Ligand SMILES: Cc1ncc(COP(=O)(O)O)c(C=O)c1O
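Numbering (the numbering used here), first residue to last: 20 to 445.
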């Protein structure tokens with residue numbers, strides 16, 4: 020007999036479109052080795068970086084058996100490994116002059132868990148009777164697909180469509196529509212503002228001006244600004260434009276070791292006020308006791324010495340910049356000038372965000388057609404969540420694809436050629 024679930028269970032165990040899609044991606048990869056994988060968010064295999072993590076493991080095994088024993092045998096405190104917290108606080112303070120101590124840093128099981136905790140600590144039904152439910156405001160969608168199902172409360176997100184700046188024949192850039200943001204702040208009880216910077220899926224990097232305006236709005240409304248820095252500075256620094264990293268006591272910055280090539284260690288890092296850090300540590304204790312400590316132990320000496328910053332700037336960033344430039348060139352060759360297409364300016368992260376104005380089918384249908392030809396991408400509509408119903412028929416949300424360019428060049432070339440071919444058939 021099927022047992023009925025709690026509201027929490029119903030919401031989080033639901034068979035969402037995105038779960039289906041991620042299953043689809045995962046299954047296709049395991050059962051179809053010929054599939055051209057341009058859909059996932061895995062970091063690329065960068066030989067120099069892979070060798071670095073291997074040599075750190077060897078070094079620990081050969082020279083620090085006591086450290087290995089402690090790492091495997093002991094639970095860390097829920098907030099994270101104290102030496103690692105101290106090293107992160109000191110590294111960021113030195114790099115940016117932020118006034119941080121270890122009390123401003125917490126570890127979570129990946130950035131994904133950090134955001135799940137934060138959205139649900141801040142948003143949802145208020146603890147005090149009579150107060151309305153708090154929303155998480157996304158000032159610019161498309162935004163990271165991984166947030167879409169994270170709210171335990173119903174309709175946790177409220178989102179604003181962007182202003183689209185078209186640049187030349189084939190480029191465009193999204194900007195925050197501050198009129199829409201201010202209207203949303205008036206219309207809803209907003210508990211926090213959240214942006215990913217660089218943005219997954221678009222590779223957009225909100226300008227310093229946009230970030231400082233959002234920061235002022237957040238402070239004026241007495242709510243935090245969450246900046247998801249999974250691809251940002253100082254590590255992994257997959258940024259192709261100059262930006263100023265932002266943090267103050269009202270900002271919650273989430274970071275991760277994943278895009279440094281360590282997603283398997285599940286290490287998220289949150290930099291926030293001491294109060295927020297204490298709340299996150301409580302949640303870790305309740306839900307998981309402690310976090311995985313292997314990633315923290317592997318990168319600790321690099322954070323202490325600052326080598327993590329030079330690795331990011333001189334190895335990881337140029338690697339992805341080159342991949343991004345090559346992918347843009349291959350896209351130009353594959354799509355040519357006979358079909359309308361535009362790509363978001365490439366300012367960071369691992370993706371091309373392709374817009375086909377006037378696309379003759381939904382991006383979901385295009386995804387299915389491409390999958391039949393062994394090309395896996397992610398349909399754009401999944402990234403447009405939290406918009407009000409009036410936007411359901413907005414054509415733009417059905418006209419985009421996210422294409423990952425971190426795979427080898429021949430895979431990207433063939434994949435883009437097939438995309439061009441399929442668009443011509445349409
Ligand atoms: C924007 C963004 N935030 C957060 C995450 C979560 O990453 P992790 O949980 O591996 O740190 C990802 C993963 O792809 C991402 O793209």
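Each residue gets a CB set at the ideal place from its N, CA and C atoms; glycine is no exception. Computed from a predicted structure; not experimentally measured.
Asked: State the Cα-Cα distance for the pair residue 11 and residue 198, rounded to the nearest angstrom.; Found: With the chain covering only 20 through 445, there is no way to say anything about residue 11.
Asked: Which value, in whole angstroms, describes the spacing of the CA atoms of residue 205 and residue 23?; Found: 37 Å
Asked: For residue 417, is the classification buried or exposed, using 16 other Cβ atoms within 10 angstroms of its Cβ as the cut-off for buried?; Found: buried
Asked: Apply the 10 Å Cβ neighbour rule to residue 105 and answer buried if 16 or more other Cβ atoms are within range, or exposed otherwise.; Found: buried
Asked: Between residue 425 and the rest of its own chain, which residues show a CB-CB distance below 8 Å, the 5 nearest in sequence each way excluded?; Found: 61, 62, 63, 339, 342, 369
Asked: Looking at C-alpha atoms only, which residue of 107, 79, 186 is the closest neighbour of residue 275?; Found: 107
Asked: Just the Cα atoms here: how many angstroms apart are residue 171 and residue 73?; Found: 39 Å
Asked: Taking 6 Å as the cut-off, is the beta-carbon of residue 367 closer than that to any non-hydrogen atom of ligand 1?; Found: no
Asked: Any idea which residues DSSP pairs residue 173 with across the strands?; Found: Answer by DSSP bridge pairing: none, since residue 173 is not bridged.
Asked: Pick helix, strand or coil for residue 36, following the three-state DSSP scheme.; Found: helix
Asked: What three-state label does DSSP hand residue 200 in the structure shown?; Found: helix
Asked: Quick check: the Cα distance between residue 40 and residue 288, rounded to an integer number of angstroms?; Found: 27 Å
Asked: Near ligand 1, which residues have their beta-carbon closer than 6 Å to a heavy atom?; Found: 60, 129, 130, 131, 163, 165, 215, 219, 247, 249, 275, 277, 282, 287
Asked: With DSSP as the reference, please indicate the residues paired to residue 55 in a beta bridge.; Found: 394
Asked: Taking all protein chains shown into account, decide if residue 374 is buried (16 or more other Cβ within 10 angstroms of its Cβ) or exposed.; Found: buried
Asked: Assuming contact is defined by CB atoms lying nearer than 7 Å, are residue 396 and residue 57 in contact in what I supplied?; Found: yes
Asked: For residue 428 and residue 350, what's the separation of their Cα atoms in angstroms?; Found: 12 Å
Asked: Give the DSSP-derived three-state secondary structure of residue 420 in the structure shown.; Found: strand
Asked: Could you say if the region 122 to 134 and the region 290 to 302 meet the contact criterion of at least three C-beta pairs nearer than 8 Å?; Found: yes
Asked: State the Cα-Cα distance for the pair residue 436 and residue 354, rounded to the nearest angstrom.; Found: 7 Å
Asked: Please work out which residues of its chain come closer than 7 Å, Cβ to Cβ, to residue 445, disregarding the five sequence neighbours upstream and downstream, and give them in chain order.; Found: 379, 380
Asked: According to DSSP, residue 185 sits in a beta bridge with which residue or residues?; Found: 191
Asked: Under a three-way DSSP split, which group does residue 370 fall into?; Found: strand
Asked: From residue 361 to residue 297, what does the alpha carbon distance come to, in whole angstroms?; Found: 45 Å
Asked: Can you check whether the CB of residue 161 is closer than 7 Å to the CB of residue 200?; Found: no
Asked: For residue 246, which residues in the same chain have their Cβ closer than 7 Å to its Cβ, ignoring the five residues on either side in sequence?; Found: 214, 216, 265, 270, 272
Asked: Could you compute how far the alpha carbon of residue 433 sits from the alpha carbon of residue 43?; Found: 21 Å
Asked: Would you tell me roughly how many angstroms separate the C-alpha atoms of residue 194 and residue 232, rounded to the nearest one?; Found: 12 Å
Asked: Ends of the beta strand (DSSP E) at residue 213?; Found: 209 to 215
Asked: Please look up how many angstroms separate the CB atoms of residue 222 and residue 363, rounded, as I've assumed it's under 8 Å.; Found: 6 Å
Asked: Contact defined as beta carbons within less than 8 Å: I believe residue 130 pairs with residue 401. What is the distance between those atoms, to the nearest angstrom?; Found: Not confirmed; about 19 Å, so no contact.
Asked: Starting from residue 111, trace the alpha helix (DSSP H) both ways and give me its first and last residue.; Found: 101 to 115
Asked: Please return the same chain residues whose Cβ sits closer than 8 Å to the Cβ of residue 146, not counting the five positions on each side in sequence.; Found: none
Asked: What did DSSP end up calling residue 237 once you bin it into helix, strand or coil?; Found: helix
Asked: Using the three-state DSSP reduction, which class does residue 324 fall into: helix, strand or coil?; Found: helix
Asked: Would you report the Cα separation of residue 384 and residue 27, rounded to the nearest angstrom?; Found: 31 Å
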